[in-house]
Each structure stands twice: as C-alpha cells, then as structure tokens.
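What follows is a single structure, written as structure tokens, with notes after it.
2 protein chains.
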Amino acid sequence: MMTLQEAEARDAADPLKSYRALFDLPAELIYLDGNSLAPLPRATPERLQGVVSEEWGKGLVGSWNHAGWWEAPIRIGNKIAPLLGARPGEVVATDTTSANLFKLVMAAAALKPGAILAERDNFPTDAHIASEAARLLGRPFRLVDGADLADALATDVSVAIVTHVNYRTAARADMVKLNAAADRSGVTMIWDLSHSIGAVPLDLPRDGTRLAVGCSYKYLNGGPGAPAWLYVASDLQGDLRTPIAGWWGHAAPFAFEAEYRPADGIARFLSGTQPMLSLLSAEVGIDLMQSVDMVAVWEKSIALFELFADRMAALCPELTLVTPRDPAKRGSHISFQHEGAYGIIQALIERGVVGDYRAPGIARFGLTPLYLGFGDIWRASAILADVVRSEVWKDPRFATSRTVT
Amino acid sequence: MMTLQEAEARDAADPLKSYRALFDLPAELIYLDGNSLAPLPRATPERLQGVVSEEWGKGLVGSWNHAGWWEAPIRIGNKIAPLLGARPGEVVATDTTSANLFKLVMAAAALKPGAILAERDNFPTDAHIASEAARLLGRPFRLVDGADLADALATDVSVAIVTHVNYRTAARADMVKLNAAADRSGVTMIWDLSHSIGAVPLDLPRDGTRLAVGCSYKYLNGGPGAPAWLYVASDLQGDLRTPIAGWWGHAAPFAFEAEYRPADGIARFLSGTQPMLSLLSAEVGIDLMQSVDMVAVWEKSIALFELFADRMAALCPELTLVTPRDPAKRGSHISFQHEGAYGIIQALIERGVVGDYRAPGIARFGLTPLYLGFGDIWRASAILADVVRSEVWKDPRFATSRTVT
Chain A
-1 MMTLQEAEAR DAADPLKSYR ALFDLPAELI YLDGNSLAPL PRATPERLQG VVSEEWGKGL
59 VGSWNHAGWW EAPIRIGNKI APLLGARPGE VVATDTTSAN LFKLVMAAAA LKPGAILAER
119 DNFPTDAHIA SEAARLLGRP FRLVDGADLA DALATDVSVA IVTHVNYRTA ARADMVKLNA
179 AADRSGVTMI WDLSHSIGAV PLDLPRDGTR LAVGCSYKYL NGGPGAPAWL YVASDLQGDL
239 RTPIAGWWGH AAPFAFEAEY RPADGIARFL SGTQPMLSLL SAEVGIDLMQ SVDMVAVWEK
299 SIALFELFAD RMAALCPELT LVTPRDPAKR GSHISFQHEG AYGIIQALIE RGVVGDYRAP
359 GIARFGLTPL YLGFGDIWRA SAILADVVRS EVWKDPRFAT SRTVT
Chain B
-1 MMTLQEAEAR DAADPLKSYR ALFDLPAELI YLDGNSLAPL PRATPERLQG VVSEEWGKGL
59 VGSWNHAGWW EAPIRIGNKI APLLGARPGE VVATDTTSAN LFKLVMAAAA LKPGAILAER
119 DNFPTDAHIA SEAARLLGRP FRLVDGADLA DALATDVSVA IVTHVNYRTA ARADMVKLNA
179 AADRSGVTMI WDLSHSIGAV PLDLPRDGTR LAVGCSYKYL NGGPGAPAWL YVASDLQGDL
239 RTPIAGWWGH AAPFAFEAEY RPADGIARFL SGTQPMLSLL SAEVGIDLMQ SVDMVAVWEK
299 SIALFELFAD RMAALCPELT LVTPRDPAKR GSHISFQHEG AYGIIQALIE RGVVGDYRAP
359 GIARFGLTPL YLGFGDIWRA SAILADVVRS EVWKDPRFAT SRTVT
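Protein sequences, first through last, are from chains A and B. When we follow the numbering used here, the leftmost residue of the first sequence carries the number -1, and every step to the right adds one. When we follow the numbering used here, the leftmost residue of the second sequence carries the number -1, and every step to the right adds one.
Next up, the structure:
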C-alpha cells in the first residue's frame, strides 16, 4: 500500500499540480466536497469586483450592451460546450438545473405521446420535475430503479430523465447502452450531468445524447447556486418549444412584440433576465476549465479513488464502499455506507476534513483532481479511519441536521 | 416655472437627501435609468466581497447552513413584503420574473377552466408566458388592450396577467377596480409590479391583490439581473401547486424523497438552487429600502415629474408627453414620444444624461427619488430640450440599436 512519502512523491510529479494554486483553498482543510460546491477560484474576487464596481457602478445600464452582459448566457454556454463534446450554439448557461429539466421535459414530451419516466435514485429534483410535468400533461408517470432502466425504456414512453453519475453512490449509467435502448423505443432521453461535467470526459454526440442539463457549481467552480446550463443538439433545437416563453428567448427581444416567436437556435431556451453577478462569477470557474486536459483529470481521479478505497479497506473494513470499483462504472466521488455516517461527517469536519452526508447512511467524498493531491487523500483516509474506529461519531453533539448538494 | 436656484433650494430641504450618499453614482452623470437598473449601493461591494472571500472562500459548502444561504429566498422575501403591504411568509425572492409568472399562471389556471388573458401593452414577457401557458394547457388565449381590460375580465376567463405600471408609458392601472371586476367574474389576477415596487406605495391586501410578481433590479437596487420575487396571499398558498416542482420547494428537501410533496407556505414556489451572489447582492439593495418612507418617495416623485413635464412643455413642445399627468394614474417614470427618440437618447448619453429608448418612438426617464434631485431634473430637461431642438439626434452615428429593460 502507498506510503505518505510515496503519495507526496506522486503529488510532486503530478502534471495537474499547478492548478491547485488557482484556488483559494484554506490551508488547514482537506476539502472533499468540491462535488457539492467547488472552492473559490483565486481569479473570481477581482473579476467580481470589476463587474460590481466598474461594469455596474460606472457602466450602469449601458453594461448590458458594452460589457457583454446580454450575450453572457450564450458566450458561457459556448465555453461549457467543449466539456460535453458539443459544438458552439448547442449549450446555454441559464436558470437552475430544475428549471432547465422542466423546459426540456415539457418540450420533448410534445414530440410523442406516452409516459414520462424518471429514475428512483435520481437526485430528487429530477423525479419531482418529471412527475409534475406528467401531471400537467395528463401523462402516466413512471418511477423506476436504475437497474431496470434499460427495460423500462419501452415504446409507450415519451421522455425519460436519467442521471449519468448518481449523486449518492457515484455509480455511472451506461450512456451508450441506454441511449441505444431509448432509440429503439423512440424515447427521448434527457441526461442530468451535474455530477459528470468537469469530472469525467464526455462526448455527447459520440454517445448519442441529444438533450442534457447540469449545474456549474460543482466541477465547474462557478460559485454557490451559480446558474445551470442546458444542451440541445443542433438538429433537435427547431423541434422543441420551451414552456417558459420569456422575452430573452424571443426571436427579436428588442422589438418588444406582444406575440411570442421563439429565437432560432439555443437562445430559445432562455426566458427571463439572468443573474449577472452569479453568471459572471461562474464564467471565471468555467474559464479555468478551458485549459484542462479532461483525460488527465480523469486518470488522476481514478488513482485518487484507488488510493482512498485501498486504504479504507485496509484501515477500516467497517465502512462499506458503495461506489463501483470499476472506473468505467463510476464518476469522481467515493461513498461509503455506515450506520454512523452523519456523525462521521460531522466529526471529520471538526478535524479539518470536509465531506458530506447523504441520507440514508452515506458518507460522500469528492475527488477533485485540480486541487486535491495524493497526500490529501492519504491523510484524509487516516483521519476517517480514526474517526470511525474511535467511535467519536456517537457523540450526541453530532445529531442529525442537513446538508446541501 | 422653477429656477435652477429654486430647484437646488428644494434639494437642500429634501427629507430624502441623505439617501443619495448611499449610492455610488458617477458624479458626472444624471442617471435617469434607475427604473431599468438601479445604481450600485455603496454597501454592496463590501458585502459581496465578504460573501465571496469569507462565506464561499473560507466557509465553503458549510455556508449553506452557517451563513444563511439556504434561508435567503424566504428571508429576503420577508424584507420585500412590507413594500407590498404583505405579511411575512407571503413573498419569496427567487428565479426570474418570467419564471415566476409561469409558475403562478399555471398554478392559478388549475383553479378554474377558461381562457388565459394578457394585456397587449404588457412588457412582452408577460404576454409570451401567458400565451405559451395557454397553449400548453389547451386553453384559449386572449390578448387585449389595456383600455378594454375591465370588460375583458369575463366569466369565461380563468387567469389574467396584468401590469400595474406600464413599462413604456408609466400609465398605472386601477388595481382596485380591475380586481373588483375580476372578482365578479371569478378571474384570478396576477399583477406584474416590476415598475411599481419601491416606486409607488402599495398595499396589496387592501387593494384585493392576491398574486403578484416583480423584479428587484429596478427600484429595489438589487443589481443586474438580480433574482425576482413572487407574492401569494397566505389563504391562496395551499390551493396552488407550482409546475416547476424542484427540491427547494419540497416539504422535506433534506430527506431526499423521490416523491414530490409541496412545502407548506410560500417555500413551495421555490424550485432549484438559487444564485447566491446575485441574491445576496439584491439583499443589500432591499435592506436599503427598509428605512425608506414610501409616502415621502412618492411625493417627491410627483414633484420631480411635475418639474420635468412643466419644463419640457415650455422648452420643447415638439416632445409629446405620453405619461398621464394625474399622479393617481401613473408610476415613477416619464416618457415622451418623438420620431427621433432613439437618437435623442443616444445624444443625451453622450452629454451625461442617461435615459432609455423603448420601441417604437419612446424616450423614457426614470424618476428615482432616493438618488435624484430637483437640480438634476432641471439640468436634464435643459439638455434634453437642447438635444431635441438642435436636431443632433439626426446624426447618422445614432443609428438604431437596442436596450435592455
């Protein structure tokens, strides 16, 4: 098993090591929660200060034109596109993941009658959006287990919302296989890539994905609640009509026409005025990803995972690994099941190791290669083993509370 | 007619004059566009720096719990409520005005069959949202002129989206009369108060309004694209089900249940994770309004309007006032029609007077009493008269472009 010295030697030779300096990460923390909220990029405060004091403060309303505010959703979408293997004009940064799921499921349901389907183990918002869309449209709603998904993509299904990397276990669905099953049955698939983008290499056109959504505050470093994005393959854009038909998605927004005419292209999925401070903050985090080699990121993620999993198996067999070992079957976080998972996470935070809890019974740790090293994982696993084995997690001050994805 | 000396004497005696120092307004500008984007409150940059560097940078994911991020939409809604005459728990700050209109029109349409109605002269997003909601629900859509509105609120109408203060002309609808007509026909009214809140005193319960939306970047000083808000009277909340059923609106968001159960109260109208930097910036602007006497604001707005209208009538009769003279029939901006309105606005901007253009043919000026004085209006009207009469607006460099509300 790797020693701390060997772990530190790997960090010294890490081709991604220069990225850590781009984040303002407190030195005393081992932050294993970048899959929930990425740390602050060092470039963000200065950019935001410029946006606030110069663009808003001095440029005032003219900044909508002169500072590129109006174009930001499309411009930032074009910067997200390469991380999906998508082309310019296929992605727009806007609204929330929930709202974007709603737009796509309602638009796609119009293409074919039939049921609306969601996975039981999706992040809950995905199932909620799907079930209420079905209710609105008077369609059957089906909530199925991930394992049954391929069979459930039947000819009487209209649209399915599926998650690529599961938010609890990091289990990764087989995108190619599920898209093929959906194609055979004429089902439109909408993929939630919130835990995939910036974590695993993606090539949506190659893998047959034509609709997807995701957030930008996890592996895209966008900041708390930063606007989400949606992807629609070019050839499908003209067939889809957004339900939330706001003026930003109009063909001629500055003609102020009372009649709604959807814009050509991806802009039709915009609706209202976008939150510029949050959106331009997200752009800094997304800019940081432009130079990143996603293959190198994924290879390092695999190695960090193996170090973490191996050490926990050796040091602390009481923890049950619930994330698949096979890299092809998972994303970039690692989760363990334990009856005391909530208290374990709280005790770890006290010791400077930040992971998070997901009900029921899951301790979850993000492996984010841009700002985490092998030494971090080596130390975190030692502290985790100590917390579990010492039973400090039974302390009543670690009572159940809540966390945010 | 008031002299410049008299105007400056009124500024010196103005009970609201201390508010101007709370805004970071460039000294060389007369900013008559706060009804589109309010200037930067001086407190905003420091607060945002704290949010970014301390709460995000150091607090990281824990700030969702420890820095009050999760509660922000409800907390800020409760600060908006007094400006509407609403009670705590009746307003939430979230998403965009367009998305909030969509939520309310879809939810309200479920209460009664029948047509969905919008005003032709609404800001376009209102009509777009209404027409596409009607399409989705298979309901008739009616687009009616504001003058015909009271008659159009017939028994076969389900929901109407109406604007209180018109974005072009500032004409103010008679809220009491229209609500009474709607009540007689069983029509649910949704009021767009984007150009009303913070501009005119409002008392929604008194005036019979039970559903409303609005933005926070105009008279609430929230910053570019700051999240919007929605109001639902307490007694109606339990009857309405949002179409965009995201996890933030769930009865138990941290139980991660697959089945959707709407939260009690106003929280049910939340959906996805909110853009914290933009939302917490908005809170600074809204905090600034907490001490403001809206009666004093409105009285000063009336006086500023009268000064501007009187001087333009005297100096430049070529401009046609399209805003009603009667204060009871208008909001807090003033609009003039002129064939050269677009070029007039561009020429004014070159001379340090910022207004905006609204197609077709309207030059629009916001009268925002917290940071504008009588001296400003006196000077702006002199410059406007000079621009119009000199015909500098005919210069070809002032060709048609665009502006943002």
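For each residue, glycine too, the CB sits at the ideal point set by N, CA and C.
- [ ] Following the continuous alpha helix (DSSP H) through G341 (chain A), name the residue where it begins and the one where it ends.
- [x] It spans A339 to E348 - the alpha helix (DSSP H) in which G341 (chain A) sits, taken as one unbroken run.
Task: P80 (chain A) to D285 (chain A) span [Cα, whole Å] - done: In this structure, the straight-line span from the alpha carbon of P80 (chain A) to that of D285 (chain A) is close to 12 angstroms.
Task: the region 269 to 285 of chain A touching the region 167 to 177 of chain A, judged by at least three CB pairs closer than 8 angstroms - done: Touching, no.
Task: Where M104 (chain B) falls, given that 16 or more other Cβ within 10 Å makes a residue buried - done: Buried, since its Cβ has 16 or more Cβ neighbours within 10 Å.
Open item on the list: Could you pull the DSSP bridge partners for M187 (chain B) from this structure?
Closed with: DSSP output for M187 (chain B) lists B:A158 as bridge partner(s).
TODO: Give the residues from the region 285 to 313 of chain A that approach chain B closer than 7 angstroms (Cβ to any Cβ), ordered along the chain.
DONE: Among the residues of the region 285 to 313 of chain A, none has a Cβ less than 7 angstroms away from any Cβ of chain B.
TODO: Determine the DSSP secondary structure at L319 (chain A), reduced to helix, strand or coil.
DONE: For L319 (chain A), the three-state secondary structure derived from DSSP is strand.
Task: D374 (chain A) to L176 (chain A) span [Cα, whole Å] - done: Computed Cα separation, rounded: 36 angstroms.
Open item on the list: Could you pull the DSSP bridge partners for W476 (chain A) from this structure?
Closed with: Because chain A in this structure spans residues -1 to 403, residue 476 (chain A) falls outside the shown range and cannot be described.
Open item on the list: By DSSP's criteria, H331 (chain B) is part of a beta bridge. Which residues make up the other side?
Closed with: Bridge partners of H331 (chain B): B:G364.
TODO: In angstroms with no decimal places, state the Cα-to-Cα distance between K56 (chain B) and I195 (chain B).
DONE: Approximately 36 angstroms, taken between the alpha carbons.
Open item on the list: Please identify the residue among B:G220, B:A178, B:W246 and B:G350 whose C-alpha is closest to the C-alpha of G206 (chain B).
Closed with: Selected option, being the one with the closest Cα: B:A178.
- [ ] Compare the C-beta of V90 (chain A) with all C-beta atoms of chain B and state if any pair is closer than 9 angstroms.
- [x] Put simply, the CB of V90 (chain A) is far from chain B, with every gap to its CB atoms at 9 angstroms or more.
- [ ] Report the neighbours of M274 (chain B) on chain A: residues whose CB is nearer than 8 angstroms to its CB, in chain order.
- [x] Those are G221, P222, G223 and S276, listed as they occur along chain A.
Task: Straight-line Cα distance separating Y165 (chain B) from R259 (chain A) - done: Rounded to the nearest angstrom, the two C-alpha atoms are 21 angstroms apart.
Open item on the list: Between B:L305, B:R328, B:V386 and B:F303, which has its C-alpha nearest Y340 (chain B)'s C-alpha?
Closed with: Out of B:L305, B:R328, B:V386 and B:F303, B:V386 has the C-alpha closest to the C-alpha of Y340 (chain B).
- [ ] Report yes if the C-beta distance between R140 (chain A) and A150 (chain A) is below 9 angstroms; otherwise report no.
- [x] For R140 (chain A) and A150 (chain A), yes; Cβs fall inside 9 angstroms.
Open item on the list: Which residues does DSSP list as the beta-bridge partners of A113 (chain B)?
Closed with: In DSSP, A113 (chain B) forms a bridge with B:V155.
- [ ] May I have the straight-line CA-CA distance separating A475 (chain B) from R356 (chain B), to the nearest angstrom?
- [x] For chain B, the structure presents residues -1 to 403; residue 475 (chain B) sits outside this window and is missing.
Open item on the list: If I follow the unbroken beta strand (DSSP E) through V142 (chain B), where does it start and stop?
Closed with: In the DSSP assignment, V142 (chain B) falls within the unbroken beta strand (DSSP E) covering F139 to V142.
- [ ] Could you pull the start and end residues of the beta strand (DSSP E) that R356 (chain B) belongs to?
- [x] Looking at the DSSP string, the run of the beta strand (DSSP E) that includes R356 (chain B) is D354 to R356.
Task: Closer than 8 angstroms at the beta carbon, the chain A residues around Q344 (chain B) - done: The contacting residues do not exist; Q344 (chain B) stays about 11 angstroms from chain A at best.
Task: Residue-chain proximity (T403 (chain A), chain B), Cβ-Cβ < 9 angstroms - done: In this prediction, T403 (chain A) has a pLDDT of 44, which is less than 50 and means its spatial position is unreliable; what the coordinates show is noted afterwards. Yes, because at least one Cβ of chain B sits closer than 9 angstroms to the Cβ of T403 (chain A).
- [ ] Please confirm if K15 (chain A) has its CB atom under 9 angstroms from at least one CB of chain B.
- [x] No, its Cβ sits nowhere closer than 9 angstroms to a Cβ of chain B.
Open item on the list: Determine whether the beta carbon atoms of A210 (chain A) and L277 (chain A) lie at a separation below 9 angstroms.
Closed with: Judged by their CB atoms, A210 (chain A) and L277 (chain A) are not nearer to each other than the 9 angstroms cut-off.
Task: Continuous alpha helix (DSSP H) stretch holding G57 (chain B): start and end - done: First-last for G57 (chain B): undefined, no H or E at that position.
Open item on the list: Any beta carbon of chain B sitting closer than 9 angstroms to that of W391 (chain A)?
Closed with: Interface criterion not met: the Cβ of W391 (chain A) is under 9 angstroms from no Cβ in chain B.
Task: R18 (chain B) - DSSP class collapsed to helix/strand/coil - done: R18 (chain B): helix per DSSP, three-state reduction.
Open item on the list: I'd like to confirm the pairing. Which residues does DSSP put opposite R170 (chain B) in its beta bridges?
Closed with: In the DSSP assignment, the residues bridged to R170 (chain B) are B:V163.
Open item on the list: If contacts are defined as beta-carbon pairs under 8 angstroms, then H336 (chain B) and T318 (chain B) qualify, I think. What distance do you get, rounded to the angstrom?
Closed with: In this structure, H336 (chain B) and T318 (chain B) form a Cβ contact; the two beta carbons are roughly 7 angstroms apart against a cut-off of 8 angstroms.
TODO: Would you list the residues sitting across from V295 (chain B) in a DSSP beta bridge?
DONE: V295 (chain B) pairs with nothing; no bridge assigned.
Task: Same chain, Cβ closer than 7 angstroms to T403 (chain A), five either side skipped, listed in chain order - done: Only weak support exists for where T403 (chain A) lies, its pLDDT of 44 falling under 50; the coordinates are left without a value.
Task: Candidates B:S388, B:G221 and B:A125: closest to S61 (chain A) by CA position - done: S61 (chain A) has its Cα closest to that of B:G221, out of B:S388, B:G221 and B:A125.
TODO: Spell out whether any CB of chain B is found under 9 angstroms from the CB atom of G55 (chain A).
DONE: Yes, its Cβ sits closer than 9 angstroms to a Cβ of chain B.
Open item on the list: Applying the 10 Å Cβ sphere with the 16-neighbour rule, what's the burial state of P138 (chain B)?
Closed with: Residue burial annotation: P138 (chain B) is exposed, with fewer than 16 other C-beta atoms found within 10 angstroms of its C-beta.
TODO: Figure out for me which residue from A:P111, A:R133, A:A231 and A:F372 has the closest Cα to the Cα of G263 (chain A).
DONE: Comparing Cα positions, the closest option is A:A231.
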